[in-house]
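Note that the sequence shown covers residues 14 to 249 in this note's numbering. For every residue, glycine included, the Cβ atom is placed at its ideal position computed from N, Cα and C. Reading through the structure tokens given below for one structure.
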Amino acid sequence: MGNTPTAHNAAQQGDFAKTVLMPGDPLRAKYIAETYLENPRQVTAVRNMLGYTGTYKGKEISVMGGGMGMPSIGIYSYELFNFYDVDNIIRIGSAGALSDNLKVMDLVIGMGACTDSNYAAQFGMPGTFAPIADYGLLSRAVDTAKEQGVNVVVGNVLSSDAFYNANKNANDLWKSMGVLCIEMEAAALYMNAAKAKKKALCMLTISDHIYTGEALSAEERQVGFHKMMEVALELA
């Protein structure tokens, strides 16, 4: 420790709980803190990337925005794992469905995260690293979802660098390999957790379907993912 506060995080040592929920949208972090946490306090707001700590059912838990894309979540998750002594980061985000079996508002857990990013190059691996979730967190999330009556689909997701992809065949190719949906952060989070010997999980609510065109509004994405939030909160 000893590297805090940072250029990206104004929190002091001890301000973050051992488990941090990390939506991409900082306003979703604010909504979760104000809706679910008891006695939440804001611990950082650098660059408007809001972070809060409070308690949920008597357990301390933090929630902080992670931004869009792997460079953004790469910075915040790295600092939380390595500078703030956080043990678990649970991404709670949105995704665009590829699978014909998914629809808007379905809950997906990323067992693995394919990627078109070069993020792994920094580790100098002599091959292709496969970013995967922590099995303990994954198993508990599945059990919690079942207890709450929430249907969850577990499988492979794609963490893409490109939201507007110039390769018009890319989605079809990923879909042909059984990839469930597209998001932009899980692979970097899973790699950072592996390197730091910490734990990570990516939970996603389907916000739109790539093939059917079904989609939620920006406001619905910000405040409408209650099932995912409530499953994640139980993992603290």
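Could you work out which residue in the options is closest to residue i when comparing CA atoms only?
{"i": "residue 209", "options": "27, 141 and 102", "result": "102"}
{"i": "residue 158", "options": "149, 120 and 67", "result": "120"}
{"i": "residue 149", "options": "162, 65 and 100", "result": "100"}
{"i": "residue 76", "options": "153, 98, 47 and 84", "result": "47"}
{"i": "residue 73", "options": "140, 33 and 135", "result": "33"}
{"i": "residue 213", "options": "20, 22, 17 and 31", "result": "31"}
{"i": "residue 171", "options": "79, 83 and 92", "result": "83"}
{"i": "residue 185", "options": "20, 89, 127 and 112", "result": "112"}
Using the Cβ count rule (16 or more neighbours within 10 Å means buried), how would you classify residue i?
{"i": "residue 222", "result": "buried"}
{"i": "residue 178", "result": "exposed"}
{"i": "residue 85", "result": "buried"}
{"i": "residue 27", "result": "exposed"}
{"i": "residue 116", "result": "exposed"}
{"i": "residue 146", "result": "buried"}
{"i": "residue 128", "result": "buried"}
{"i": "residue 200", "result": "buried"}
{"i": "residue 107", "result": "buried"}
Just grab the DSSP bridge partners of residue i for me.
{"i": "residue 196", "result": "172"}
{"i": "residue 34", "result": "76 and 103"}
{"i": "residue 177", "result": "For residue 177, which the question treats as bridged, DSSP gives no partner whatsoever."}
{"i": "residue 123", "result": "168"}
{"i": "residue 227", "result": "None; residue 227 has no bridge partner."}
{"i": "residue 51", "result": "68"}
{"i": "residue 17", "result": "BP columns for residue 17 are empty, so no partner."}
{"i": "residue 57", "result": "64"}
{"i": "residue 145", "result": "125"}
What is the residue span of the alpha helix (DSSP H) that residue i lies within?
{"i": "residue 153", "result": "148–160"}
{"i": "residue 85", "result": "83–95"}
{"i": "residue 110", "result": "Careful: residue 110 lies outside any alpha helix (DSSP H), inside the beta strand (DSSP E) at 101–110."}
{"i": "residue 218", "result": "Unbroken run through residue 218 is the beta strand (DSSP E), 212–222; no alpha helix (DSSP H)."}
{"i": "residue 242", "result": "239–246"}
Which first and last residues belong to the beta strand (DSSP E) in which residue i is found?
{"i": "residue 132", "result": "Looking at the DSSP string, residue 132 is not in any beta strand (DSSP E), and its letter there is neither H nor E."}
{"i": "residue 184", "result": "Where residue 184 is concerned, there is no enclosing beta strand (DSSP E), although the alpha helix (DSSP H) it sits in stretches over 183–189."}
Between residue i and residue j, which are expected to be in contact by the criterion C-beta below 8 angstroms, what is the C-beta distance as a whole number of angstroms?
{"i": "residue 165", "j": "residue 105", "result": "Contact flag wrong, Cβ pair sits at about 13 angstroms."}
{"i": "residue 67", "j": "residue 53", "result": "4 angstroms"}
Hey, is residue i close to the ligand NAP, as in C-beta under 7 angstroms from one of its heavy atoms?
{"i": "residue 40", "result": "Among the ligands in the structure shown, none appear at all, so the ligand NAP cannot be discussed."}
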